[in-house]
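In this note's numbering, the protein residues as written are 147 to 755.
In structure tokens form, the structure reads like this:
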């Protein structure tokens, strides 16, 4: 037995004594029930036929038994919990055994023959010894001491003083002693194993309780961390939205006035300067859009549309958009769409355009004096397979697995030489995943790269196609007949919108606040209102709700939000407040005119010249 178990046994024995002292009827080693039973059994000897009452012997014996009983009573109820009294309890139990062996000895001394009383005494000694073992086996020393005091001495007294059937009774004593020793050892071993198992269970329970507490603590910390992360995520989204708004607002003035400046008489040097301004502003806007998209994707707030879209038309527009850069790099752009590819499929046109724009733009950026080919075919009835192949600089094999990572480019020199945030391919991968598609890349350094995309795109029948409010883009000079109210607290933004719309022949008014807009609409009606959102006092949403309650604008007036907030939840909120459409800042003149033209067309206010 190791030291740990031994210490535990000592501790457990002390706890057992304390417990049994409190509930003495269950106190196996010092119960009142046992000595009281001894008194009854000793008194029953007088009922045996032929028993003689010998006051000289029996009264002292009864007094001795009462003393032992009283001692055990004191040990149960009154004795302090100290080692001395533990030993005294041990001694009292041994004295109980000595009492019976001594009583047997006295009977033999006065009646050596095997009479009824002697036989009865033998039965009592063997019975008391055997039953005592079953309560004392937990402490071998106590069990063996008790067994010796009652059976051992009984055997000795039989050998010395009994005159009849001595051999038979001695054999009976020997068998009883051997049997009780065997039972004691076996039961003690089982008890030790029980204690060891109990100790293991207690340790396991303590460990499980500690693990449970650790798990609860960890869960609590994780819950707090999750709440903190959500709070920081909300703060991040709020920060990104605020920064986006604050950058888009002045960018509206830069790009708007740059566009208008380009339509004035400029010499070549001035045109070059203006082009640099416009290009730099659009590059900054592209970075802002990447950061916004990255934030939306990571927070799970980007929601996909599912409307008809023409991949062929989209690719033609993208190739036209990238043709100037391709010409500057001496590249050729090719489109290869299989004959069985549907003209229209159901998907999110904005995000599909973003995916292909990123990949075609990257291919064009990293290719010089080469070619870029985009291919489309059907891989299954409702799935499409795309390839964007270039003959550019390629990607090293050890960089391929990281190419879709956040803020990842092949090396630091790539950023310095070609620019970019390193978010384009990460956003592309996340958009493809959001569409339940797959994307992978194959590349060889110095020979080029191929990006493979598979997307679930369901073909759309012609009768399902309806004009989209967001995608109607017209060309050609137009004259618009109608009245427009521009509402914006920023004088530069008002001037930009005014300059963009003045050549169209519209009746235009401009006011700096929501209050002024309500007052103006209350005085006269307008066909279209361009409503800024974030204004001091009454903001654009509140102003829209109030205007919708005015008779002049209840139904007939179209209200278009001019917003620097690019999150879908904001746009949904604008439309829910009573607005009909929205235009993101910085305002693109063509989109602005086409939006107004689209809505005025419904009022028959457009002339095509």
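Yeah, the Cβ is synthetic: ideal placement off N, Cα and C, and Gly gets one too. If you're wondering where the values come from, they're calculated on a predicted model, not measured in any experiment.
Assuming residue i and residue j make a contact with CB atoms under 8 Å, what is their CB distance in whole Å?
| i | j | result |
| --- | --- | --- |
| residue 453 | residue 495 | 7 Å |
| residue 599 | residue 578 | 6 Å |
| residue 472 | residue 510 | 5 Å |
| residue 591 | residue 541 | 7 Å |
| residue 254 | residue 275 | Not confirmed; about 17 Å, so no contact. |
| residue 406 | residue 645 | 5 Å |
| residue 481 | residue 461 | 5 Å |
| residue 603 | residue 530 | 4 Å |
| residue 455 | residue 401 | Wrong, their Cβ atoms sit about 27 Å apart, outside the cutoff. |
| residue 229 | residue 309 | Not quite, the Cβ-Cβ distance comes to about 45 Å (not below 8 Å), so this is no contact. |
Can the beta-carbon of residue i be found less than 9 Å from the beta-carbon of residue j?
| i | j | result |
| --- | --- | --- |
| residue 297 | residue 245 | no |
| residue 672 | residue 631 | yes |
| residue 711 | residue 391 | yes |
| residue 272 | residue 243 | no |
| residue 532 | residue 601 | yes |
| residue 512 | residue 538 | yes |
| residue 383 | residue 569 | no |
| residue 215 | residue 182 | yes |
| residue 289 | residue 279 | yes |
| residue 574 | residue 500 | yes |
| residue 518 | residue 483 | no |
In angstroms, rounded to a whole number, what distance separates the CA positions of residue i and residue j?
| i | j | result |
| --- | --- | --- |
| residue 564 | residue 514 | Confidence in residue 564 is poor, its pLDDT being 47 and thus under 50, which makes the residue's placement too unreliable to answer from. |
| residue 295 | residue 282 | 14 Å |
| residue 626 | residue 399 | 24 Å |
| residue 315 | residue 356 | 59 Å |
| residue 330 | residue 218 | 23 Å |
| residue 422 | residue 643 | 22 Å |
| residue 323 | residue 342 | 28 Å |
| residue 180 | residue 251 | 22 Å |
| residue 605 | residue 502 | 19 Å |
| residue 369 | residue 684 | 39 Å |
| residue 507 | residue 545 | 20 Å |
| residue 311 | residue 317 | 10 Å |
| residue 328 | residue 307 | 28 Å |
| residue 191 | residue 209 | 16 Å |
| residue 641 | residue 719 | 27 Å |
| residue 344 | residue 286 | 20 Å |
| residue 188 | residue 304 | 19 Å |
| residue 616 | residue 686 | Here residue 616 scores only 43 on pLDDT, less than 50, and its place in the model should not be relied on; the value that follows carries that caveat. Their Cα atoms are separated by approximately 21 Å. |
| residue 676 | residue 432 | 24 Å |
| residue 571 | residue 442 | 15 Å |
| residue 732 | residue 586 | 34 Å |
| residue 738 | residue 729 | 7 Å |
| residue 691 | residue 725 | 9 Å |
| residue 661 | residue 688 | 10 Å |
| residue 426 | residue 379 | 30 Å |
| residue 486 | residue 523 | 7 Å |
Kindly indicate which three-state DSSP category residue i falls into: helix, strand or coil?
| i | result |
| --- | --- |
| residue 719 | helix |
| residue 490 | coil |
| residue 482 | strand |
| residue 283 | coil |
| residue 594 | strand |
| residue 409 | coil |
| residue 182 | helix |
| residue 428 | helix |
| residue 648 | helix |
| residue 311 | coil |
| residue 387 | helix |
| residue 228 | coil |
| residue 259 | coil |
| residue 730 | strand |
| residue 673 | coil |
| residue 532 | strand |
Quick check on residue i: buried or exposed, where buried means 16 or more other Cβ atoms within 10 Å of its Cβ?
| i | result |
| --- | --- |
| residue 576 | buried |
| residue 557 | Here the model assigns residue 557 a pLDDT of 49, short of 50, so the residue's position is not dependable and the matter cannot be decided. |
| residue 743 | buried |
| residue 651 | exposed |
| residue 385 | exposed |
| residue 706 | buried |
| residue 595 | buried |
| residue 264 | buried |
| residue 748 | exposed |
| residue 468 | buried |
| residue 474 | exposed |
| residue 321 | exposed |
| residue 696 | exposed |
Please find out if some non-hydrogen atom of the ligand SAH comes closer than 8 Å to the beta-carbon of residue i.
| i | result |
| --- | --- |
| residue 401 | With respect to small molecules bound, the structure shown includes none, and the ligand SAH cannot be examined in it. |
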